[in-house]
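Peer 1: Quick one: the structure is below, questions incoming.
Residue numbers (this note's numbering): 1 to 335.
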């Protein structure tokens, strides 16, 4: 297939693009290389794809309506995986306009490209943060998610609503993936595992929010990519049993699907820190703090639908994933 992957210089997008070209697909990668974090890290990720003639690298900002439309016109795109977005819950507290431009306007430009160019299937990144004030665990795609706790979460919920509208109006098959705390080699520097590793090695204190007692469904990057590929290959279809009298939020009478994609095994943050200390051979200096605004106490993905529909089975325990990350970090930064 010929697949458009947005955010191709990002953590998940780059790993996915690499997997797709390795299996023989053509990939058109889109990224604007913004400076939200280290641009050199993004360039180094892209260099992993430079040996493949089946990878094309486009420098496009999704907010640029004409540039996005031009990419769809110039390339015979069959399927799209939209992973480009402004990430970060805490950053959205101080820079809300960036989220509106990138996560909302940019996503509509992708939807318009799919609409006018006969794209077979659109996969897009949502987030576990959409569960917001929900306290029932594990979180299910059949739950109501009308109470986001951050603008980032609200923007991801909006993406799901936009996607459904386009699926209903124009018959575009769309599948949204609610990612749960992805980590591993090449991760973002603002993610906890990366940040803690850098600070522990530097002898700096780490900020441990909620005193390390909150839980996250840490999911290793290879497991995430495997799930995305399986979903990409299974085009969303209408649910013949869907009813407006008792609507299921995860499906529709349009070709629309939502899935959680996580490990289904939440881990306490304190334990992750312990694994980092073990792999690094150092004890962290901990700055114990209360839960930060916009954060939730726990995430736990109910992945039954993904298991049933595409045979998704995450297999990397956190001990293995943390060790692989630390090995990569030491090698990449010569630490």
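Yeah, the Cβ is synthetic: ideal placement off N, Cα and C, and Gly gets one too. Every value quoted in this text rests on a predicted model; they were computed, and no experiment measured them.
Check the C-beta distance from residue 11 over to residue 242 and give it rounded, since I have them as a contact under 8 Å.
Peer 2: Not quite, the Cβ-Cβ distance comes to about 34 Å (not below 8 Å), so this is no contact.
Peer 1: For residue 298, which of helix, strand or coil comes out of DSSP?
Peer 2: Correct three-state label for residue 298: strand.
Peer 1: Please list the terminal residues of the continuous alpha helix (DSSP H) segment that includes residue 265.
Peer 2: Unbroken run through residue 265: none, as it is neither H nor E.
Peer 1: Where do the N-terminal and C-terminal ends of the beta strand (DSSP E) with residue 287 fall, by residue?
Peer 2: Residues 285 to 289.
Peer 1: To the nearest angstrom, how far is it from the Cα of residue 352 to the Cα of residue 161?
Peer 2: What the structure shows of the chain is the stretch from 1 to 335, and residue 352 is not part of that stretch, so it cannot be assessed.
Peer 1: Could you check where the beta strand (DSSP E) with residue 26 kicks off and where it finishes?
Peer 2: It spans 26 to 31 - the beta strand (DSSP E) in which residue 26 sits, taken as one unbroken run.
Peer 1: Roughly how many whole angstroms lie between the Cα atoms of residue 205 and residue 328?
Peer 2: Going from the Cα of residue 205 to the Cα of residue 328 covers about 22 Å.
Peer 1: Based on the DSSP secondary-structure assignment, which residues constitute the bridge partners of residue 55?
Peer 2: In DSSP, residue 55 forms a bridge with 27.
Peer 1: My assumption, with CB atoms under 8 Å, is that residue 28 sits in contact with residue 77. Please give the rounded CB distance.
Peer 2: About 7 Å; that satisfies the 8 Å criterion.
Peer 1: For the segment 139 to 185, list the beta strand (DSSP E) runs that are entirely contained and at least 3 residues long, ordered along the chain.
Peer 2: Fully enclosed beta strand (DSSP E) runs of 3 or longer: 174 to 179.
Peer 1: With a cut-off of 8 Å, do at least 3 Cβ pairs link the segment 164 to 175 to the segment 252 to 263?
Peer 2: Touching, yes.
Peer 1: Just to confirm before moving on: does the CB-CB distance between residue 85 and residue 7 stay below 8 Å?
Peer 2: Cβ distance < 8 Å, so residue 85 and residue 7 count as in contact.
Peer 1: Check this for me: beta carbons of residue 153 and residue 182, under 8 Å apart or not?
Peer 2: Contact: no.
Peer 1: Who does residue 216 pair with in a DSSP beta bridge?
Peer 2: According to DSSP, which records beta bridges pairwise, residue 216 is partnered with 267.
Peer 1: Based on Cα-Cα distance, which residue from 212, 222 and 320 lies nearest to residue 286?
Peer 2: For residue 286, the nearest C-alpha among the options comes from 212.
Peer 1: Measure from the alpha carbon of residue 261 to the alpha carbon of each residue in 282, 314, 288 and 209, then state which is nearest.
Peer 2: Measuring from the Cα of residue 261, the nearest candidate turns out to be 314.
Peer 1: In chain order, what are the residue ranges of uninterrupted beta strand (DSSP E) at least 3 long that sit wholly in the segment 54 to 107?
Peer 2: Listed in chain order, they are 55 to 59 and 79 to 82.
Peer 1: Kindly indicate which three-state DSSP category residue 6 falls into: helix, strand or coil?
Peer 2: Residue state, collapsed to three classes: strand.
Peer 1: What residue from 81, 25 and 79 has the CA that sits closest to residue 55's CA?
Peer 2: Of the candidates 81, 25 and 79, the one whose C-alpha sits nearest the C-alpha of residue 55 is 25.
Peer 1: Where do the ends of the alpha helix (DSSP H) carrying residue 50 lie?
Peer 2: From DSSP, residue 50 is part of no alpha helix (DSSP H); its letter is neither H nor E.
Peer 1: Within 10 angstroms of the Cβ of residue 105, are there 16 or more other Cβ atoms? Answer buried if so, exposed if not.
Peer 2: Residue 105 should be labelled exposed.
Peer 1: Alpha carbon to alpha carbon, what distance is there between residue 39 and residue 189?
Peer 2: Going by the C-alpha atoms only, they are around 11 Å apart.
Peer 1: With DSSP collapsed to three states, give me the class of residue 260.
Peer 2: Strand.
Peer 1: Helix, strand or coil for residue 39? Go by DSSP, reduced to three states.
Peer 2: Looking at residue 39 - three-state DSSP - the assignment turns out to be helix.
Peer 1: Suppose the cutoff is 8 Å on Cβ atoms and the five residues either side in sequence are ignored; what does the same chain contact list for residue 142 look like?
Peer 2: Excluding positions up to five away in sequence, the list reads 248, 249 and 250.
Peer 1: Which residue or residues does DSSP assign as beta-bridge partners of residue 125?
Peer 2: Paired residue(s): 177.
Peer 1: Within the same chain, show all residues whose beta-carbon is closer than 7 Å to that of residue 238, passing over the 5 residues directly before and after it, in chain order.
Peer 2: Only 252, 253, 254 and 255 meet the Cβ criterion.
Peer 1: Roughly how many whole angstroms lie between the Cα atoms of residue 264 and residue 209?
Peer 2: Between residue 264 and residue 209, the C-alpha separation is close to 22 Å.
Peer 1: For residue 102, does the count of other Cβ atoms within 10 angstroms reach 16, so buried, or fall short, so exposed?
Peer 2: Its Cβ being crowded by 16 or more others within 10 Å, residue 102 is buried.
Peer 1: Please name the residue in 291, 215, 272 and 3 whose C-alpha comes closest to that of residue 196.
Peer 2: The candidate whose alpha carbon is nearest that of residue 196 is 272.
Peer 1: Check each candidate in 36, 276, 294 and 125 and name the one with the smallest Cα separation from residue 318.
Peer 2: It is 276.
Peer 1: Mind checking whether residue 62 and residue 110 have CB atoms under 8 Å apart?
Peer 2: Cβ atoms of residue 62 and residue 110: closer than 8 Å.
Peer 1: Identify the residues that DSSP records as bridge partners of residue 207: which are they?
Peer 2: 287.
Peer 1: Is residue 146 buried or exposed, if buried means 16 or more other CB atoms sit within 10 Å of its CB?
Peer 2: Counting Cβ neighbours within 10 Å, residue 146 comes out exposed, since fewer than 16 surround it.
Peer 1: Between which residues of its own chain and residue 299 is the CB-CB distance below 6 Å, once the five residues before and five after are set aside?
Peer 2: Contacts found: 128, 180, 216 and 217.
Peer 1: Note the first and the last residue of the continuous alpha helix (DSSP H) segment covering residue 14.
Peer 2: 11 to 22 is the extent of the alpha helix (DSSP H) around residue 14.
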